[in-house]
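Have a look at the structure below before the remarks.
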Amino acid sequence: MVSTATLTKAKQSIALLNKQIDEFSFTSISKRYEFKDTFEEWLEEKSPGFAWRVPHLVFIREHLTELLASVYDNLLIFAPPRHGKSEMTTIRLPVYYLNKYPTRRVIVGAYNRELATMFARRSRKLAAEVLELDKTHQ
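Taking our numbering, the leading residue of the sequence shown gets 1, the next gets one more, and so forth.
Written out as structure tokens, the structure reads:
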């Protein structure tokens, strides 16, 4: 039988090791990738072919920035089809978020499976390019 003191010491060692792994992962990732301070700068650098400065996308981006800063808990965006909502919020925002906070997780979803799969695939492709991820997970 293993004593309680031995189990406590083992649990403390495991907790310390997990903390060190998290710190190492974040530090090594931070050194490998240059982080842009704002979502706008990141979009301009990583997706320069898009017109990110049109008024409605600037408006959406400002509110996304507030959402990321925890000004509010959720955000609903209503705009006509083909106006860049999905490109900015569903495809690029998760990659930006993971670029900025590499130890956190993101779920990409949509109202049906096909659309969710397409968005997730495009996000993973962009992440592979931006973050140099292992392409076997695509």
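All C-beta atoms, glycine included, are put in the ideal place defined by N, C-alpha and C.
It should be emphasised that the depicted structure is a prediction, and the values quoted were computed from it without experimental measurement.
- Bounds of the alpha helix (DSSP H) holding residue 42 are 39-46.
- In this structure, residue 88 lies near residue 57, with their beta-carbon atoms less than 9 Å apart.
- About 7 Å separates the beta carbons of residue 64 and residue 75, which is inside the 8 Å limit, making them a contact pair.
- DSSP, read as helix, strand or coil, puts residue 99 in helix.
- In the three-state reduction of the DSSP assignment, residue 94 falls in the helix class, which pools H, G and I.
- Counting other Cβ atoms within 10 Å of its Cβ, residue 71 stays below 16 and is therefore classed as exposed.
- Burial is judged here by how many other beta carbons sit within 10 angstroms of a residue's own beta carbon; residue 111 has fewer than 16 and is exposed.
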